[in-house]
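214 is the number of the first residue of the sequence shown in my numbering; add one for each residue after it.
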Amino acid sequence: MLRPMISAPFDPDLYAAALRFAATAHRGQTVPGTDLPYLCHVVTVAAEVLGALGHEHHGEPDLAVQCALLHDTVEDTAVTVADIRKRFGDAVAEGVAALSKDPALPKAERMVDSLDRIRSQPHEVWLVKLADRIVNLARPPAHWSADKRRAYREEAMRIGERLGEVSPVLSGRLAEKIDAYRAWIEPT
């Protein structure tokens, strides 16, 4: 008996193309404080996005998945927005650009600027920022001071406040991670 085909919530070919591009761009980089290839970070962000897409309807899942895999290429490698645009199109390029902090701004203004630009993007780009912070709320680098850890947690709360409305799944996960991160700030 043949079963009806169920379409995937995203295009596996587009996923694979973005994954290969990210793997090449991040070649030789490691997750800070570990010996893991940096690709582990972007794949984990994509997994968070895919988890949300499995429970919530978003009209452009391919945009979310590609931006998740490519979100750090412009900020952390020699890849440019033009490179992304040429390979993946305008929507992905604009999403990745919004997810990238502007190095020309003072450090204190970069996140606010990025969140403003993300809010002007389709909601699928918002998912990526939420997922990225969820992943980044793991054990902080040992050299971070308690003040830096506290500021990072507060920044995560701002991200949740500004973008959380788009995804009950990811905003719930972010809230759990923010709560758990307290253990890295407060002595036990």
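From the three backbone atoms N, C-alpha and C, an ideal C-beta is built for every residue, glycine too.
Bear in mind that the values here come from a model prediction, so they are computed numbers and not experimental data.
Put simply, of 308, 277, 311, 234 the residue whose alpha carbon is nearest the alpha carbon of residue 291 is 234. Pairing residue 295 with residue 327, the inter-Cα distance amounts to about 18 angstroms. In this structure residue 318 is exposed. Its beta-carbon is surrounded by fewer than 16 other beta-carbon atoms within 10 angstroms. Under the 10 Å beta carbon count, residue 396 is surrounded by fewer than 16 other beta carbons and is classified as exposed.
For residue 357, there is no enclosing alpha helix (DSSP H), as DSSP gives it neither H nor E.
In the DSSP assignment, residue 243 forms a beta bridge with 250.
Residue nearest to residue 281 within the set 394, 228, 354, 248 is 228 (criterion: CA-CA distance). Note on residue 286: 16 or more other CB atoms within 10 angstroms of its CB, so buried under the neighbour-count rule. When Cβ pairs closer than 8 angstroms are counted between the two stretches, the stretch 249 to 263 is seen not to touch the stretch 298 to 314, the count staying below three.
Contact check for residue 373 against residue 350 fails: the beta carbons are separated by 7 angstroms or more. Within the model, the alpha-carbon separation for residue 356 versus residue 362 is close to 10 angstroms. Looking at 307, 298, 320, the one whose alpha-carbon comes closest to that of residue 330 is 307. Under the three-state reduction of DSSP output, residue 223 falls in the coil class, being neither helix nor strand.
Beyond the five residues adjoining it in sequence on each side, residue 380 comes within less than 7 angstroms, by CB distance, of 265, 269, 340, 343 in the same chain, given in chain order.
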